[in-house]
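> Going down the list, the sequences are from chains A and B.
Position in the first sequence (first residue = 1) + 33 = this note's numbering.
Position in the second sequence (first residue = 1) + 19 = this note's numbering.
Please find one structure pasted underneath; my questions will follow.
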Amino acid sequence: MSTLQTIQQQMLQAVLAERTLPPHIVLGDDIADASSRLDVYRHGYRIRLRDALKVEFAGLQCMAGSRFEGMLDKYVEAHPSEHYNIRWYGSGLAGFLEYAHPWREKPQLANMAKMDWAISTAFDAADESSMGVADLSAVPPESWAGLRLTLQNNLQVLECAYNTDAFRRATDNGSKRPHLRRFAQPRQVLVWRRATTVHYRRLDDDEWLVLGASIQGETFASLCARLAACHGESAAMPRMVTVLKRWLEAGLIRGWDLA
Amino acid sequence: MTPSSATRPGSLPYLGYGLGLRVEHYEALLANPGKVEWLEVVSENYMVSGGLPLVWLDRFRERFPLVMHGVSLSIGSADPLDEDYLARLAALAKRVEPAWVSDHLCWTGVQGVNLHDLMPLPYTEEALEHVVNRVKRVQDVLKRRILLENVSSYVTFADSQLTEWEFLAAVAERADCLILLDINNVHVSAKNHGFSSLDYLRGIPVSRVQQFHLAGYEQGERLIIDTHNAPVSNAVWDLYMEAVRRFGRISTMIERDDNFPPLAELMAELEHARALAEPLLQDAA
Chain A
34 MSTLQTIQQQ MLQAVLAERT LPPHIVLGDD IADASSRLDV YRHGYRIRLR DALKVEFAGL
94 QCMAGSRFEG MLDKYVEAHP SEHYNIRWYG SGLAGFLEYA HPWREKPQLA NMAKMDWAIS
154 TAFDAADESS MGVADLSAVP PESWAGLRLT LQNNLQVLEC AYNTDAFRRA TDNGSKRPHL
214 RRFAQPRQVL VWRRATTVHY RRLDDDEWLV LGASIQGETF ASLCARLAAC HGESAAMPRM
274 VTVLKRWLEA GLIRGWDLA
Chain B
20 MTPSSATRPG SLPYLGYGLG LRVEHYEALL ANPGKVEWLE VVSENYMVSG GLPLVWLDRF
80 RERFPLVMHG VSLSIGSADP LDEDYLARLA ALAKRVEPAW VSDHLCWTGV QGVNLHDLMP
140 LPYTEEALEH VVNRVKRVQD VLKRRILLEN VSSYVTFADS QLTEWEFLAA VAERADCLIL
200 LDINNVHVSA KNHGFSSLDY LRGIPVSRVQ QFHLAGYEQG ERLIIDTHNA PVSNAVWDLY
260 MEAVRRFGRI STMIERDDNF PPLAELMAEL EHARALAEPL LQDAA
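Right under this line is the structure:
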């Protein structure tokens, strides 16, 4: 191992684990001893990672309240950063909260972290064009049954057992912190970006049914059949038109093909 | 020190007086650019797939000359160069067509772990050779010479055989790269290590300096901490004037990374830099 490599590895451990360096590595002097000098790096490392997480996890900060800082401290101690861009440091936070005591006892925290992270990753995901109503008019009437929609790649659907989206909304709007509420049945929250703005909203149960099927590549006829099973034959098509119009207006669809 | 008329290698342009571009000032800067002549963007902020960051970048690119300034090249790390990072940096440079690309003479991580800090190097022949080889590789990939910036440091390695300025000068000469001289960082390191900031300036080859950074710091209990979160100090303004006398007309910018004031305050600092430098440059002409 080279001297350079040895020095850097020992510095790394001195910063991460707050270990004392062997005295022959770093010099102290009349201005400051070696330990005080290393403390600048130890302190700075933790501050920078915590600050980066605060930017990405606004909803979690709202939900966790006074527990937020301690949560970040534990994550920073448990997870060294492995990406060159500090913005990506939060990619493991939701997973950490799912297994680490005591936060695993409160699954709403991991769920909130997932939603914050979905919003963060949608923010600078690859640009994609979206289709409007007029684009679908090119589909011949006889071909609609085999129509398959291509959805935005930045679109994410999160299963939420709690009203996590309300916490994020409160943060984004600067409004009062909501009360935590557990749903009788988990709900799906859709996160996507249109142009440069990230959006999120809860999906109706039947909308999620056909959106999930559409993501899986099912045809328009199949989507209508799923709605018919929910609402009956006569109500299925009007509902499908309503849902499809909503998707088009929201910019969720980037293309189509025929099965 | 006397003004130098030494010619600079290469043909990078003189850009005048600029600012580090930060999100906090996007709208104000587009609405009223004042006398800001160019902008320095943090490369990593725009090494993304899409979305708002690149929209803003394109807006500023239409209005200002840009230079790219990275924080994650980790040119001094014992780990292999991150080829994925390098490819993304090259792609961004192709999009932006900056006047130049810079990063820091430091390492930011090792063993696959990133400290997100500008860690100082031991100033040894081994480290020098290592850095020089890597700078050459980076310059080959980017197809341009890069600038390396001196960092503020808080530790001195027992193994160091050279001064910081001897090391920086040797890297620039052997790798044929240029220098981004952060005047604040020279002052911070000089105070923290007890060396002369003027000795530092005298040790830097005039022909290699392409850009100045000016910034502020915080006084810690024993050490000065380079926070870039405060106005430029009087001591740094004094050192800046010495630097202008030695290096001549150098593209200069104010770099603020935290505790952001209204844009007008940074513009006023920039005008102060201009007011200090221009009489010296005219006297020297």
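Don't be surprised by glycine CBs; every beta carbon is placed ideally from N, CA and C.
Bear in mind that the values here come from a model prediction, so they are computed numbers and not experimental data.
At the level of alpha carbons, what is the spacing between Gln158/B and Met138/B?
Cα to Cα, the separation comes out at about 22 Å.
> Check whether chain A comes within 9 Å of Val74/B, counting only Cβ atoms and requiring the distance to be less than that.
Interface residue, yes.
> Do Leu130/A and Met104/A have their C-beta atoms closer together than 9 Å?
Yes. Within cutoff.
> Ignoring anything shorter than 4 residues or poking outside the segment 189–272 of chain A, list the alpha helix (DSSP H) runs there in chain order.
Fully enclosed alpha helix (DSSP H) runs of 4 or longer: 197–206, 238–248 and 253–264.
> According to DSSP, is Leu130/A helix, strand or coil?
In the structure shown, Leu130/A sits in a helix (DSSP, three-state: H, G or I).
> Ile94/B CB to nearest chain A CB: under 9 Å?
Chain A, which has no Cβ nearer than 9 Å to the Cβ of Ile94/B, makes this no.
> Just the C-alpha distance for Arg293/B and Leu300/B, rounded to the nearest angstrom, thanks.
Their backbone Cα atoms lie some 10 Å apart in a straight line.
> Pull up the CB-CB distance for Ala109/B and Val160/B, whole angstroms please, since I reckon it's below 8 Å.
That belief holds up - the Cβ atoms of Ala109/B and Val160/B are roughly 6 Å apart, short of 8 Å.
> Give, in chain order, every residue of the segment 40–66 of chain A whose Cβ lies closer than 8 Å to some Cβ of chain B.
Residues Ile40, Gln41, Gln42, Met44, Leu45, Val48, Leu49, His57, Ile58, Val59, Leu60, Asp62, Asp63, Ile64 and Ala65.
> I need the straight-line Cα distance from Pro134/B to Tyr104/B, nearest angstrom please.
Here the sequence assigns Leu to residue 134/B, which means Pro is not the residue at that position. Straight-line Cα distance between these residues: approximately 16 Å.
> What does the Cβ neighbour count give for Asp245/B, buried or exposed, with the cut at 16 atoms within 10 Å?
With 16 or more Cβ atoms within 10 Å of its Cβ, Asp245/B is classed as buried.
> Taking the alpha-carbon positions, what's the Pro32/B to Leu111/B distance?
About 20 Å.
> Determine the extent of the alpha helix (DSSP H) in which Glu290/B is found, giving its start and end residues.
Counting along the chain, the alpha helix (DSSP H) containing Glu290/B begins and ends at Leu282 to Ala303.
> Measure the C-alpha to C-alpha separation of Tyr195/A and Ile64/A and round it to an integer number of angstroms.
The straight-line gap from Cα to Cα measures roughly 54 Å.
> Taking DSSP as the reference, what is the three-state secondary structure of Leu140/B?
Three-state DSSP puts Leu140/B in coil, outside helix and strand.
> Any beta carbon of chain A sitting closer than 9 Å to that of Arg293/B?
No, no contact with chain A.
> Would you say His149/B lies against chain A (beta-carbon separation less than 9 Å)?
With 9 Å as the cut-off, His149/B counts as an interface residue toward chain A.
> Taking its Cβ as the centre, do 16 or more other Cβ atoms sit within 10 Å of Lys113/B, making it buried, or is it exposed?
Its Cβ having fewer than 16 others within 10 Å, Lys113/B is exposed.
> Quick one: Cα of Leu187/B to Cα of Leu124/B, how far?
Cα to Cα, the separation comes out at about 8 Å.
> Considering only residues of the same chain and omitting the five flanking positions on each side of Ser247/A, which have a CB-CB separation below 7 Å?
Counting only Cβ-Cβ distances below 7 Å, and skipping sequence neighbours, we find Leu182, Leu184 and Leu256.
> Would you kindly report the start and end of the unbroken beta strand (DSSP E) that includes Met272/B?
It spans Ser270 to Ile273 - the beta strand (DSSP E) in which Met272/B sits, taken as one unbroken run.
> Helix, strand or coil for Thr175/B, going by three-state DSSP, please let me know.
Three-state DSSP puts Thr175/B in a strand.
> Which first and last residues belong to the beta strand (DSSP E) in which Tyr36/B is found?
Tyr36 to Gly39 is the span of the beta strand (DSSP E), which, as asked, contains Tyr36/B.
> Based on the DSSP secondary-structure assignment, which residues constitute the bridge partners of Val60/B?
Per DSSP, Met87/B.
> Return the CA-CA distance between Leu73/B and His247/B, expressed in angstroms with no decimal places.
Leu73/B and His247/B: Cα-Cα distance of roughly 25 Å.
> Counting only runs that start and end within the segment 39–118 of chain A, where is the alpha helix (DSSP H) found for 4 or more residues in a row?
Correct list: 67–89, 91–97 and 101–111.
> Ordered along the chain, which non-local residues of its own chain (more than five positions away) have a Cβ less than 6 Å from that of Asp290/A?
Cβ within range, chain order: Arg181.
> Could you say if the segment 64–79 of chain A and the segment 87–95 of chain B meet the contact criterion of at least three C-beta pairs nearer than 8 Å?
These segments do not touch.
> Output needed in chain order: residues of the segment 130–163 of chain B with a Cβ under 8 Å from some Cβ in chain A.
Within the segment 130–163 of chain B, the residues whose Cβ lies closer than 8 Å to some Cβ of chain A are Gln130, Gly131, Val132, Asn133, Leu134, His135, Asp136, Met138, Leu140, Pro141, Thr143, Glu145, Ala146 and His149, listed in chain order.
> Going along chain B, which residues have a C-beta under 7 Å from Ala158/A?
Ordered by position in chain B, the residues that pass the 7 Å Cβ test against Ala158/A are Ser68, Gly69 and Gly70.
> Please name the residue, chosen from Cys95/A, Ile80/A and Trp121/A, that lies closest to Glu110/A on a Cα-to-Cα basis.
Nearest C-alpha to Glu110/A: Ile80/A.
> Could you pull out every residue in the same chain whose Cβ sits closer than 8 Å to the Cβ of Ala158/A, ignoring the five residues on either side in sequence?
Asn186, Asn187 and Arg226.
> When you check each C-beta in the segment 163–178 of chain B against every C-beta of chain A, which residues fall closer than 8 Å?
Of all residues in the segment 163–178 of chain B, Tyr173, Val174, Thr175, Phe176, Ala177 and Asp178 have a Cβ within less than 8 Å of some Cβ in chain A.
> Give me the Cα-Cα distance between Thr154/A and Leu147/B, rounded to the nearest whole angstrom.
In a straight line, the C-alpha of Thr154/A is about 39 Å away from that of Leu147/B.
> Does the beta-carbon of His149/B have 16 or more other beta-carbons within 10 angstroms, so that it is buried, or is it exposed?
His149/B comes out buried.
> Over what stretch of residues does the alpha helix (DSSP H) that includes Gly288/A continue unbroken?
Per DSSP, Gly288/A belongs to no alpha helix (DSSP H); it is in the beta strand (DSSP E), Ile286 to Leu291.
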